[in-house]
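Engineer:
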Amino acid sequence: MPQTIQKLLSNLPSVDCLLKQIDSIYSHGLAKEATQQVLTQIRQEVLSGTRTVLETENEIIIRIEKQLKENQFSLRRVINATGTVIHTNLGRSSLSQQVQQQVAETSFHYSNLEFDLATGKRGSRYSHLVSIVKKLTQAEDVLVVNNNAAAVLLALSTLTQNKEVLVSRGELVEIGGAFRIPDVITSSGGTIVEVGTTNKTHLTDYERAMTEETGAILKVHTSNYRIVGFTETPDLNQLAKLAHSQKLPLINDLGSGLFLDMRPFGLPYEPTIKEVLEQGCDVVTFSGDKLLGGPQAGIIVGKKEYIEKMKKNQLLRALRIDKLTLSALEATFSLYLDEKEALTAIPTLQMIGLSEQECLAKAEYLAGMLKDVPNLTVKIEKDHSKIGGGSYPEHLLPTMTVSLMSKKYSADHLQEKLRVAGTPIISRIKNDSNLLDVRTIDETEFPMIQKSLMEIFE
Ligand SMILES: *Cc1c(COP(=O)(O)O)cnc(C)c1O
Numbered sequence: 020m021p022q023t024i025q026k027l028l029s030n031l032p033s034v035d036c037l038l039k040q041i042d043s044i045y046s047h048g049l050a051k052e053a054t055q056q057v058l059t060q061i062r063q064e065v066l067s068g069t070r071t072v073l074e075t076e077n078e079i080i081i082r083i084e085k086q087l088k089e090n091q092f093s094l095r096r097v098i099n100a101t102g103t104v105i106h107t108n109l110g111r112s113s114l115s116q117q118v119q120q121q122v123a124e125t126s127f128h129y130s131n132l133e134f135d136l137a138t139g140k141r142g143s144r145y146s147h148l149v150s151i152v153k154k155l156t157q158a159e160d161v162l163v164v165n166n167n168a169a170a171v172l173l174a175l176s177t178l179t180q181n182k183e184v185l186v187s188r189g190e191l192v193e194i195g196g197a198f199r200i201p202d203v204i205t206s207s208g209g210t211i212v213e214v215g216t217t218n219k220t221h222l223t224d225y226e227r228a229m230t231e232e233t234g235a236i237l238k239v240h241t242s243n244y245r246i247v248g249f250t251e252t253p254d255l256n257q258l259a260k261l262a263h264s265q266k267l268p269l270i271n272d273l274g275s276g277l278f279l280d281m282r283p284f285g286l287p288y289e290p291t292i293k294e295v296l297e298q299g300c301d302v303v304t305f306s307g308d309k310l311l312g313g314p315q316a317g318i319i320v321g322k323k324e325y326i327e328k329m330k331k332n333q334l335l336r337a338l339r340i341d342k343l344t345l346s347a348l349e350a351t352f353s354l355y356l357d358e359k360e361a362l363t364a365i366p367t368l369q370m371i372g373l374s375e376q377e378c379l380a381k382a383e384y385l386a387g388m389l390k391d392v393p394n395l396t397v398k399i400e401k402d403h404s405k406i407g408g409g410s411y412p413e414h415l416l417p418t419m420t421v422s423l424m425s426k427k428y429s430a431d432h433l434q435e436k437l438r439v440a441g442t443p444i445i446s447r448i449k450n451d452s453n454l455l456d457v458r459t460i461d462e463t464e465f466p467m468i469q470k471s472l473m474e475i476f477e
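So that you can map any letter, position 397 of the sequence shown is 416 in this note's numbering, and since no number is skipped, the others follow by simple counting.
1. Could you check whether the Cβ of I194 sits closer than 7 Å to any heavy atom belonging to ligand 1?
2. Within 7 Å: the Cβ of V171 and any heavy atom of ligand 1?
3. From L137 to R458, what does the alpha carbon distance come to, in whole angstroms?
4. Spatial neighbours of F249 within its chain, please: C-beta separation below 8 Å, excluding the five flanking residues on both sides.
5. From E327 to Q265, what does the alpha carbon distance come to, in whole angstroms?
6. Measure the alpha-carbon distance for I81 versus P417 and round it to whole angstroms.
7. State the beta-bridge partners of K85 as determined by DSSP.
8. State the beta-bridge partners of I399 as determined by DSSP.
9. Since D451 and M424 should fall inside the 8 Å C-beta cutoff, what is the C-beta to C-beta distance between them, to a whole number of angstroms?
10. Terminal residues of the continuous alpha helix (DSSP H) containing N453?
11. Confirm, please, whether the CB-CB distance from D308 to T291 is below 8 Å.
12. With C-beta atoms as the reference, is M388 less than 8 Å away from K401?
13. Just to confirm my understanding: we take A50, look at its own chain, exclude 5 residues before and 5 after, and list those with CB closer than 7 Å. What are they?
14. Have a look at T363, L267, I194, S46 and flag the residue whose alpha-carbon is nearest the alpha-carbon of S306.
15. Figure out for me which residue from N30, K182, F92, L58 has the closest Cα to the Cα of T233.
16. Is it the case that the region 378 to 387 contacts the region 339 to 353, given that we only count it when at least three CB pairs across the two stretches are under 8 Å?
17. Just tell me which of G208, V57, G408, Y428 has its CA closest to the CA of K85.
18. Just checking my contact of P268 with D301 at CB under 8 Å: how many whole Å lie between their CB atoms?
19. Restricting to runs no shorter than 3 residues, where is the beta strand (DSSP E) found entirely within the region 78 to 132?
20. Ordered along the chain, which non-local residues of its own chain (more than five positions away) have a Cβ less than 6 Å from that of R70?
21. Helix, strand or coil, according to DSSP, for I319 in the structure here?
22. What's the C-alpha gap between G68 and R62?
23. Within 7 Å: the Cβ of R352 and any heavy atom of ligand 1?
24. Going by DSSP, what residue range makes up the beta strand (DSSP E) through S275?
25. Should L162 go down as buried or exposed, given a rule of 16 or more other Cβ atoms within 10 Å for buried?
26. Could you check whether the Cβ of Q434 sits closer than 8 Å to any Cβ belonging to chain C?
27. Quick one: is K390 buried, meaning 16 or more other Cβ sit within 10 Å of its Cβ, or exposed?
28. Compute every distance between the C-beta of N90 and the non-hydrogen atoms of ligand 1, then say whether any falls below 7 Å.
29. With a 10 Å radius around its C-beta and 16 neighbouring C-beta atoms as the bar for buried, classify H106 as buried or exposed.
30. Among all the DSSP beta bridges, which residues are the ones paired with K330?
31. I'd like to check one pair, Q121 with A350: are the Cβ atoms closer than 8 Å?
Structure below.
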């Protein structure tokens, strides 16, 4: 070890000396842990040559206090190495840099959330998304609530209370987290009228089920569930015509809101929001944090006459979206004005769009960074990533993973060690190794993985 480095290391203040100076609002145990963490970080910075001058004792104290705060948060950043892009347990979609800036700007200051700058009078928080969503989907109007479950509930409570709702038997599904279509219809005050059979539902089935009491036809995207083989459902066009002939709305719970054609990335065809509206749907609901790649939200687009009614529903007040989400949503939508920008700037789309070749380059880079970790065997392995969030459930994306194997720890033990690292790393196990799927890991996270593995195996 060069003398300069040795000297720097020996000049580091001791844990006890630093601890005496830490603000006493923190428990001793937490303070000690944070102090040791920061000293380890500094030692590593010195050893790797990124630090050639020591910070002053005061600066180190500030760093420890910052670390203390970080350690205390329960909801924290993690590294998603599972390869599942829209991972519901890991917060679904992560937001883009541009969105982060806009959210900071509007939430760290006052904003015109419910204030009309043109007239100086009270405005509506729901007005901010209207022009951009119209531009992107040609919808007459838009309304946003907390999540898509709330969007479906609001639409049904407004349009089908005390009325019958026609749904195909093949679409009476439960979506993750116990969101059950039959229960949502019932709890919004409607009555379910099951139409057709599990695998085949014809237009005539809907026709026959229509009565004076019918309030709407509901279509539901079956998301993470598929009926394959001998199946049939009527075209949206036909269904819309039928609903309109009785002056009824066709409501479509699309689940994952798609704005771009993803076929160039090898994904099967799924209609975009715009296409579904063109086919005659009157009300379409979808999530903000699935394929759209924005914050958690439920978005309702469609005919003005129906959305106006929803705006007057008391329930809307309870489901109302907050300003941070609204701001993040507007910023996310704005990225879609340029398709190319959306595909690179929105992390969810960017990750889905990565080719096997691009994954290989990332995997080689990460594997290279890990080759000096002692007692660890690092290999590159082909595997498959999932999209997640009920979107494209059967479609697997060919990917490349960095596989970690060690004589020192079993696969389960290493997985746990990764999970409790400074920034937790969530891996998946296959054939007794921990796979780090690079599809969902940002390159800026590679040094964190390297650091954690060095610590685990030091
Ligand atoms: C995901 C999903 C929902 C629930 O949406 P959240 O935003 O999670 O509330 C409802 N319907 C369908 C078809 C879905 O795929």
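Glycine included, every Cβ here is placed at the ideal spot set by N, Cα and C.
Structural biologist: Inspection of the coordinates gives the following:
1. As a working note, residue 194 is residue 175 in the sequence shown. Yes - ligand 1 has a heavy atom lying nearer than 7 Å to the Cβ of I194.
2. Counting from one through the sequence shown, the residue named residue 171 turns up at place 152. Under cutoff, so the answer is yes.
3. Residue numbering aside, residue 137 sits at position 118 when the sequence shown is read from its first letter. Residue numbering aside, residue 458 sits at position 439 when the sequence shown is read from its first letter. Looking at the sequence shown, residue 137 is not Leu but Ala. Answer to the nearest angstrom: the Cα atoms are 45 Å apart.
4. Residue 249 sits at position 230 when you count from the first residue of the sequence shown. Closer than 8 Å at the Cβ level, and outside the excluded window around F249, lie N218, K219.
5. Taking the first residue of the sequence shown as position 1, residue 327 is located at position 308. Taking the first residue of the sequence shown as position 1, residue 265 is located at position 246. When rounded, the distance between both Cα atoms is 20 Å.
6. The sequence position of residue 81 within the sequence shown is 62, counting from 1. The sequence position of residue 417 within the sequence shown is 398, counting from 1. Whole-angstrom Cα-Cα distance: 45 Å.
7. Reading the sequence shown from its first residue, position 66 is the one you call residue 85. The secondary-structure analysis by DSSP pairs K85 with nothing; it has no beta-bridge partner.
8. Within the sequence shown, the letter at position 380 stands for residue 399. Answer is V421, bridged to I399.
9. As a working mapping, residue 451 is identified with position 432 in the sequence shown. As a working mapping, residue 424 is identified with position 405 in the sequence shown. Right, the Cβ-Cβ distance comes to about 7 Å (below 8 Å), so this counts as a contact.
10. Mapped onto the sequence shown, residue 453 falls at position 434. Per DSSP, N453 is not a residue of any alpha helix (DSSP H); the beta strand (DSSP E) it occupies stretches across 452 to 456.
11. For the purposes of this step, residue 291 is taken as the residue at position 272 of the sequence shown. For the purposes of this step, residue 308 is taken as the residue at position 289 of the sequence shown. Result no, Cβ atoms of T291 and D308 do not sit closer than 8 Å.
12. Working through the sequence shown from its first residue, we reach residue 388 at position 369. Working through the sequence shown from its first residue, we reach residue 401 at position 382. Pairing M388 with K401 gives a Cβ-Cβ distance that is not under 8 Å.
13. Translated into the one-based positions of the sequence shown, residue 50 becomes position 31. Once the five neighbours on either side are set aside, the close Cβ partners of A50 are L38, I41, L87.
14. The residue given as residue 306 occupies position 287 in the sequence shown. Per the Cα distances, I194.
15. In the sequence shown, the residue the question calls residue 233 occupies position 214. Selection N30, K182, F92, L58 evaluated against T233 yields K182 as nearest (Cα-Cα).
16. With the cut-off at 8 Å, the region 339 to 353 and the region 378 to 387 do not touch.
17. For the purposes of this step, residue 85 is taken as residue 66 along the sequence shown, with counting starting at 1. Checking every option, the nearest Cα to that of K85 belongs to V57.
18. Here residue 268 refers to the residue found at position 249 of the sequence shown. Here residue 301 refers to the residue found at position 282 of the sequence shown. About 4 Å; that satisfies the 8 Å criterion.
19. As for any beta strand (DSSP E) of minimum length 3 sitting wholly inside the region 78 to 132, there is none.
20. For this step, residue 70 is matched to residue 51 along the sequence shown. Answer for R70: E64, listed in chain order.
21. Here residue 319 corresponds to residue number 300 of the sequence shown, with the count starting at 1. I319 falls in the strand class under three-state DSSP.
22. Here residue 68 is taken as the residue at index 49 of the sequence shown, counted from 1. Here residue 62 is taken as the residue at index 43 of the sequence shown, counted from 1. Their backbone Cα atoms lie some 10 Å apart in a straight line.
23. The residue you call residue 352 lines up with position 333 of the sequence shown. Per the sequence presented here, residue 352 reads as Phe, with Arg not at that position. Result no, Cβ not under 7 Å from ligand 1.
24. Taking the sequence shown and counting its residues from 1, one reaches residue 275 at position 256. Where S275 is concerned, the enclosing beta strand (DSSP E) stretches over 269 to 275.
25. In the sequence shown, residue 162 corresponds to position 143, counting from 1. Buried: at least 16 other Cβ atoms inside 10 Å.
26. Among the chains in the structure shown there is no chain C, since it carries only a single protein chain.
27. In the sequence shown, the residue the question calls residue 390 occupies position 371. By the 10 Å Cβ count, K390 comes out exposed.
28. Position 71 of the sequence shown, counting from 1, holds the residue named residue 90. No.
29. Mapped onto the sequence shown, residue 106 falls at position 87. Buried, since its Cβ has 16 or more Cβ neighbours within 10 Å.
30. Along the sequence shown, one-based indexing puts residue 330 at 311. Per DSSP, none; premise fails for K330.
31. The residue labelled residue 350 in the question sits at position 331 within the sequence shown. The residue labelled residue 121 in the question sits at position 102 within the sequence shown. Contact annotation: A350 and Q121 have beta-carbon atoms nearer than 8 Å.
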